[in-house]
Amino acid sequence: MSNNNIDKKNLNNHEANDITIKNNVNNNDIKYDSNFLLHELQSKLLKLEKKLIEKKSHLINDEEQYFNRKKIILEKENKFSLKKIIFEILPIIDSLERAYSLLIETQDKKKPSIKNLLKCVLQSLLLTIKKFKVDIINSTNVEFNPNIHQAISIQKSNSIKDNYVLSIVQNGYLLNGRLLRPAMVIVAKNS
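Numbers in the numbering used here are just positions in the sequence shown, counted from 1, shifted up by 1.
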């Protein structure tokens, strides 16, 4: 064989070795790259799962808060749904109370049945509104409270403390603890 053929053969062998080495390197690179990509994809998938779980948790919390708010609103509406009706009944109660007071003041012996009937109607009406959580503000000798009392006059008094309710001019009313109408009162003032 000539040197030229040997050189060609060696050259071909070297080229073949280079190609084999490159193929091996590329195969290793591919294996390395595919493992790396698989790991990256798994990592990203886990992150997405965590985000989805967090979003689901937030949605559940938001939904619970929404239903709690709705429940509170409905409870308030139920508690105070009678407000307008009771507010309309209050003048009737006031009229009955004034009529009863007038009958007591006149003490007409001919009209005891009217007085008793009026008293029964008034008590029945007051008991009815109490069933619906209406409280009457009609206490005297209690400290004046601007949240439930409306002072219409001040009178001197030695028997009741200063700034205490001396008398009730018109009853006040609370519905489930919320003021419907303040009591009109006369407040005591010591000399």
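From the three backbone atoms N, C-alpha and C, an ideal C-beta is built for every residue, glycine too.
Where do the N-terminal and C-terminal ends of the beta strand (DSSP E) with residue i fall, by residue?
i: Ser-154; result: 150–157
i: Ile-138; result: 135–138
i: Pro-190; result: First, the amino acid is wrong: residue 190 is Lys here, not Pro. Unbroken beta strand (DSSP E) run through Lys-190: 184–190.
i: Ile-169; result: 166–171
Out of the options, which has the shortest C-alpha to C-alpha gap to residue i?
i: Ile-87; options: Pro-147, Val-166, Thr-129; result: Thr-129
i: Ser-82; options: Leu-127, Lys-120, Leu-176, Lys-48; result: Leu-176
i: Ile-161; options: Arg-179, Leu-53, Ile-187; result: Ile-187
i: Ala-189; options: Leu-180, Thr-141, Gly-178, Arg-179; result: Thr-141
i: Leu-127; options: Lys-77, Pro-92, Asn-79, Ile-115; result: Pro-92
i: Lys-85; options: Pro-147, Glu-41, Val-135; result: Val-135
i: Lys-131; options: Gly-178, Leu-42, Leu-75; result: Gly-178
i: Val-124; options: Lys-48, Glu-50, Ile-94; result: A small fix is needed here, since residue 124 is Gln in this sequence, not Val. When each option's Cα is compared against that of Gln-124, the closest is Ile-94.
Tell me which same chain residues have a C-beta within less than 8 Å of the C-beta of residue i, skipping the five on either side of it?
i: Val-122; result: Leu-97
i: Val-143; result: Tyr-165, Val-166
i: Leu-119; result: Leu-97, Ala-100, Tyr-101, Leu-104
i: Ser-158; result: Leu-167, Ala-189, Lys-190, Asn-191
i: Lys-77; result: none
i: Ile-153; result: Val-170, Met-185, Val-186, Ile-187
What residues in its chain sit with their C-beta under 7 Å from that of residue i, if we drop five residues either side in the sequence?
i: Lys-183; result: In the sequence as presented, Lys is not what sits at residue 183; that position holds Pro. Cβ neighbours of Pro-183 beyond the five flanking positions: Ile-149, His-150, Gln-151, Gly-173.
i: Asn-117; result: none
i: Ile-138; result: Ile-149, Asn-172, Gly-173, Tyr-174, Leu-175, Ala-184
i: Asp-163; result: Ala-189, Lys-190, Asn-191
Following the continuous alpha helix (DSSP H) through residue i, name the residue where it begins and the one where it ends.
i: Tyr-101; result: 84–107
Is residue i near the ligand PLP, going by C-beta to nearest heavy atom under 8 Å?
i: Ile-155; result: No copy of the ligand PLP appears in this structure; indeed no ligand is present at all.
Closer than 6 Å by C-beta to residue i: which residues in its own chain qualify, once you throw out the five before and the five after it? Chain order, please.
i: Gln-156; result: Leu-167, Ile-187
i: Phe-133; result: Leu-83
i: Ser-114; result: none
i: Asp-63; result: none
Answer yes if the stretch 161–175 comes into contact with the stretch 51–71, meaning at least three C-beta pairs across the two stretches below 8 Å, and no otherwise.
no
Ignoring anything shorter than 4 residues or poking outside the stretch 31–59, list the alpha helix (DSSP H) runs there in chain order.
none
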